[in-house]
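Asker: Residue numbers for the sequence shown follow full-length UniProt numbering, beginning at 1 and rising by one.
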Amino acid sequence: MSTPDSTATEWDPLGPNSPLAEALLILRPKNAAAKFAFSNVVDFLQEQDYNTDNTARSHYAKYIWYSDELTTDSAVTHLVHSNAYASSSSPSSSSKERMPSPVPIWTGFYFIDPKVKPLLPSRGWAVGRLSSKSLTLEKPVVDLLLTTSRRNRVARRHACLTFAKETRMACVKVEPRAAATVNNYTIPSSHGGNTAVCAKAENSIAFEDLSYTLEYTNYCRTTEGRQTLEVFLADIYGDDQPTEDALSATPTPNVTTQTIGSYTITGANLIGMGTYGRVKPATGPQGNVVVIKSMVPTRGNLEFVRSKVYMVRSLSRMLEREHQKNVLTCIDVMHMEGKVDEFHLVLEPFVENTLMVLPKQSQTHWTKLEIILHDCLQGLSFLHAHNFVHTDIKPPNIGLKNLTRSLVSQTASCPPPARRLTAIILDIDSIIPISANRTTIPAQPGTNGTIGFHSPEQERTEFDGTADIWALGVCMYRAVFGELPWRFGALGNPWNNMRDGRGVEKVAFHEKYSVMVRKIGEKRCDEMAALLDFIIASFRFSEAAIESQKQPRPSSAECLRALIGKSEFLKMRAKWQEETGEPPEPAQVGLKRLVGH
Numbered sequence: 001m002s003t004p005d006s007t008a009t010e011w012d013p014l015g016p017n018s019p020l021a022e023a024l025l026i027l028r029p030k031n032a033a034a035k036f037a038f039s040n041v042v043d044f045l046q047e048q049d050y051n052t053d054n055t056a057r058s059h060y061a062k063y064i065w066y067s068d069e070l071t072t073d074s075a076v077t078h079l080v081h082s083n084a085y086a087s088s089s090s091p092s093s094s095s096k097e098r099m100p101s102p103v104p105i106w107t108g109f110y111f112i113d114p115k116v117k118p119l120l121p122s123r124g125w126a127v128g129r130l131s132s133k134s135l136t137l138e139k140p141v142v143d144l145l146l147t148t149s150r151r152n153r154v155a156r157r158h159a160c161l162t163f164a165k166e167t168r169m170a171c172v173k174v175e176p177r178a179a180a181t182v183n184n185y186t187i188p189s190s191h192g193g194n195t196a197v198c199a200k201a202e203n204s205i206a207f208e209d210l211s212y213t214l215e216y217t218n219y220c221r222t223t224e225g226r227q228t229l230e231v232f233l234a235d236i237y238g239d240d241q242p243t244e245d246a247l248s249a250t251p252t253p254n255v256t257t258q259t260i261g262s263y264t265i266t267g268a269n270l271i272g273m274g275t276y277g278r279v280k281p282a283t284g285p286q287g288n289v290v291v292i293k294s295m296v297p298t299r300g301n302l303e304f305v306r307s308k309v310y311m312v313r314s315l316s317r318m319l320e321r322e323h324q325k326n327v328l329t330c331i332d333v334m335h336m337e338g339k340v341d342e343f344h345l346v347l348e349p350f351v352e353n354t355l356m357v358l359p360k361q362s363q364t365h366w367t368k369l370e371i372i373l374h375d376c377l378q379g380l381s382f383l384h385a386h387n388f389v390h391t392d393i394k395p396p397n398i399g400l401k402n403l404t405r406s407l408v409s410q411t412a413s414c415p416p417p418a419r420r421l422t423a424i425i426l427d428i429d430s431i432i433p434i435s436a437n438r439t440t441i442p443a444q445p446g447t448n449g450t451i452g453f454h455s456p457e458q459e460r461t462e463f464d465g466t467a468d469i470w471a472l473g474v475c476m477y478r479a480v481f482g483e484l485p486w487r488f489g490a491l492g493n494p495w496n497n498m499r500d501g502r503g504v505e506k507v508a509f510h511e512k513y514s515v516m517v518r519k520i521g522e523k524r525c526d527e528m529a530a531l532l533d534f535i536i537a538s539f540r541f542s543e544a545a546i547e548s549q550k551q552p553r554p555s556s557a558e559c560l561r562a563l564i565g566k567s568e569f570l571k572m573r574a575k576w577q578e579e580t581g582e583p584p585e586p587a588q589v590g591l592k593r594l595v596g597h
């Protein structure tokens, strides 16, 4: 495809009236070898072959645009004459010294438009070298023909350009034994199918000797462009698509993209602030979406931050070793020293929502709340079995993956969908380990978490993992009733042992506590029994005014066991897993007795 009119010098090949107007990606030759190879491909496409119907040439021509006039390029001229000199059997000194004559070439680029589909849409647009056999048979084997020569070491089918399902970003997948580099990241190809993501507005790509720039078009950033891509991917993957909230973390890259190490910050806005740092979504070189938490120590607390980083890495190794998926995991740490020390924690998985997004009108279906509670108890049981206490369980620290907000009022399906709703415990740097030879953590009133979610003992003497159960109960109460069970005024938590004369506040708390117990009793029904029984049990404490609530608060493992034993919905899902042979969830430390349920 060339410029329609040589007099149209201002004609934009990507303009709104161009046949390329709906292209999403441009692959532009960058180095001399790629430019010369591109020009040779254009020469090949322009050849007239009256003995065939030019099926292969017609296919290759669908993805290429070139100017209507030849031009010269000094780098290409130098390359061509250097190759000629090197291959000459007896080069003369005069030919070496003579000014090389300019080499005319065709200039242009390759483009990708989802409406111009590739040979194999499920794999993407194949790139590679001309195959004489396929030309003879008039059967193209690639879509983007990069070269007609073996000299460039490009394979007949070298790689595929496509769009990642999870991010909608362009990515490169290499074939076995082929070599490719994206933004200085060399794609491993030992097993084939390995991928690198193009997370910048302009990306450097090399296929052996040929270097290119891959650019996102302006159309790609429009609503129409995103819809075009969505339709293309829906034809391939059906309903197995990320939520809109998840895709918001990986918008089409722009020119101001920031990088930290090998990770590209893809979320335009700050996700939030954790206990000790700011948090942003990012994309790794292979396209995995992560969260980067940046921690900048203040004067005097460098060692404290170091100890937090060490704890997070130690915990994460345990999580990875035992395949625990309900707690955020740190997969990498980057320490950048300078005038200001910076620690960047790379965390997985990225979660697009938290418990905070559930509607306050208590519209979330109880089956979804049971899933969330189950996952939280799985994560907490692991932490508590390893003598860790989270200390700051609250709605913003309970991440939700694959939650479609418009469907929260609908029952969770059984069998589960391809993308299951999953709860993940976040803000892992707030976790405190229980010291050796101890079973509790000394209370530090007014610290270590969020006051309104603190259990009485967390503000008074000492606490253990059951303090997290109290906080989780507050979270689930809010999810069920659309409001917190109690709020504390300017004086803070009434159980704070650093303040005297809290009698009035404690009386007010007991009144709210009684209202909470009454509301749970009024709402109790067979369907919600497992959920509401957990909430009421989570609020047990020795100084409760209601006698039945003075019993010991159950541990996370006991709560999980009770939930699984009472929930018909969770039993139904477990039975489906067993009947279909789907691998069960990893057994958690301290929960061996659950196997029989």
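Ideal Cβ placement from N, Cα and C applies to all residues, glycine included.
In angstroms with no decimal places, state the Cα-to-Cα distance between R419 and E166.
Answerer: One C-alpha to the other measures close to 12 angstroms.
Asker: If I follow the unbroken beta strand (DSSP E) through L27, where does it start and stop?
Answerer: Per DSSP, L27 belongs to the beta strand (DSSP E) from L25 to P29.
Asker: Just to confirm the assignment, what range does the beta strand (DSSP E) spanning F382 have?
Answerer: Unbroken run through F382 is the alpha helix (DSSP H), W366 to A385; no beta strand (DSSP E).
Asker: Less than 9 angstroms between the C-beta atoms of E22 and K115, yes or no?
Answerer: Result yes, Cβ atoms of E22 and K115 sit closer than 9 angstroms.
Asker: Only counting the same chain, and skipping five residues up and downstream in sequence, which positions put a Cβ closer than 8 angstroms to that of G354?
Answerer: What sits at residue 354 in the sequence shown is Thr, not Gly. Hits under 8 angstroms: P395, P396, N397, I398, G399, L400 and L426.
Asker: Would you report the Cα separation of T257 and G108, rounded to the nearest angstrom?
Answerer: Taking the straight line from one Cα to the other gives about 26 angstroms.
Asker: Secondary structure at G565, three-state DSSP: helix, strand or coil?
Answerer: Three-state DSSP puts G565 in a helix.
Asker: Less than 8 angstroms between the CB atoms is what I'm expecting for L472 and C376, so what's the real figure, rounded?
Answerer: Yes, they are in contact, since the Cβ atoms of L472 and C376 sit about 6 angstroms apart, within 8 angstroms.
Asker: Kindly give me the distance between the Cβ atoms of F539 and Q549, rounded to whole angstroms, as I take these residues to be in contact under 8 angstroms.
Answerer: About 7 angstroms; that satisfies the 8 angstroms criterion.
Asker: In the DSSP assignment, what are the bridge partners of F345?
Answerer: In the sequence as displayed, the identity of residue 345 is Leu instead of Phe. DSSP output for L345 lists K293 and V333 as bridge partner(s).
Asker: Kindly indicate which three-state DSSP category L355 falls into: helix, strand or coil?
Answerer: Of the three classes helix, strand and coil, the one that applies to L355 here is helix, per DSSP.
Asker: Could you give the DSSP three-state label for L130: helix, strand or coil?
Answerer: Reduced to three states, the DSSP call for L130 is coil.
Asker: Go ahead and pull the three-state DSSP assignment for W470.
Answerer: Three-state DSSP puts W470 in a helix.
Asker: Could you tell me which residues DSSP puts in a beta bridge with P456?
Answerer: Partner(s): none; P456 has no beta bridge.
Asker: Output the distance between the C-alpha atoms of L315 and L328, rounded to the nearest integer angstrom.
Answerer: L315 and L328: Cα-Cα distance of roughly 10 angstroms.
Asker: Three or more beta-carbon pairs under 8 angstroms between the region 474-493 and the region 515-522, yes or no?
Answerer: The region 474-493 is in contact with the region 515-522.
Asker: With 16 as the cutoff for other CB atoms within 10 Å, does C220 come out buried or exposed?
Answerer: The residue in question, C220, is buried, as its Cβ has 16 or more Cβ neighbours within 10 Å.
Asker: Run the CB neighbour count on P456, radius 10 Å, all protein chains shown included, and call it buried at 16 or more, exposed below.
Answerer: With 16 or more other Cβ atoms within 10 Å, it is buried.
Asker: If you run the structure through DSSP and keep just helix, strand and coil, what is R177?
Answerer: Three-state result, R177: coil.
Asker: If you follow the alpha helix (DSSP H) that L315 is part of, which residue opens it and which one closes it?
Answerer: That run of the alpha helix (DSSP H) goes L302 to R321.
Asker: Identify every run of the beta strand (DSSP E) within the region 391-458, keeping only runs that are complete inside it and at least 3 residues long; order them along the chain.
Answerer: For the region 391-458, whole beta strand (DSSP E) runs of length 3 or above, ordered along the chain, are 398-401 and 422-425.
Asker: Per DSSP, what kind of secondary structure is R153 in: helix, strand or coil?
Answerer: Note: R153 maps to coil in three-state DSSP.
Asker: Rounded to the nearest angstrom, what separates M311 and T213 at their Cα positions?
Answerer: One C-alpha to the other measures close to 42 angstroms.
Asker: Quick check: what's the CA-CA separation for T391 versus A412?
Answerer: Distance between the alpha carbons of T391 and A412: 30 angstroms.
Asker: Which whole-angstrom value is the C-beta distance of Q378 and N326, which I expect to be below 8 angstroms?
Answerer: Rounded, the Cβ-Cβ distance is 5 angstroms, consistent with contact.
Asker: Check the C-beta distance from M356 over to I260 and give it rounded, since I have them as a contact under 8 angstroms.
Answerer: Wrong, their Cβ atoms sit about 26 angstroms apart, outside the cutoff.
Asker: Would you mind sorting R151 into buried or exposed? The rule is 16 or more other CB atoms within 10 Å of its CB.
Answerer: Exposed, since its Cβ has fewer than 16 Cβ neighbours within 10 Å.
Asker: Only counting the same chain, and skipping five residues up and downstream in sequence, which positions put a Cβ closer than 6 angstroms to that of I265?
Answerer: Hits under 6 angstroms: Q258, K280 and A282.
Asker: Give me the Cα-Cα distance between T298 and V142, rounded to the nearest whole angstrom.
Answerer: C-alpha separation (whole angstroms): 55 angstroms.
Asker: Under a Cβ-count criterion, where at least 16 other Cβ atoms within 10 Å of its own Cβ denotes burial, should T461 be classed as buried or exposed?
Answerer: By the neighbour-count rule (16 or more Cβ atoms within 10 Å), T461 is not buried but exposed.
Asker: Where do the ends of the alpha helix (DSSP H) carrying N40 lie?
Answerer: N40 -> alpha helix (DSSP H) spans A32 to Q46.
Asker: With DSSP as the reference, please indicate the residues paired to S204 in a beta bridge.
Answerer: Paired residues: T213.
Asker: In the DSSP assignment, find the beta strand (DSSP E) that holds Y60 and state where it starts and stops.
Answerer: Y60 -> not in any beta strand (DSSP E); alpha helix (DSSP H) instead, spanning T55 to A61.
Asker: Tell me whether V76 is buried or exposed, calling it buried when 16 or more other Cβ atoms sit within 10 Å of its Cβ.
Answerer: Buried, because 16 or more other Cβ atoms sit within 10 Å of the Cβ of V76.
Asker: Inspect the beta-carbon positions of V346 and G284 and report whether they are closer than 9 angstroms.
Answerer: For V346 and G284, yes; Cβs fall inside 9 angstroms.
Asker: With a threshold of 16 other CB atoms inside 10 Å of the CB of L383, please say whether the residue is buried or exposed.
Answerer: So L383 ends up on the buried side.
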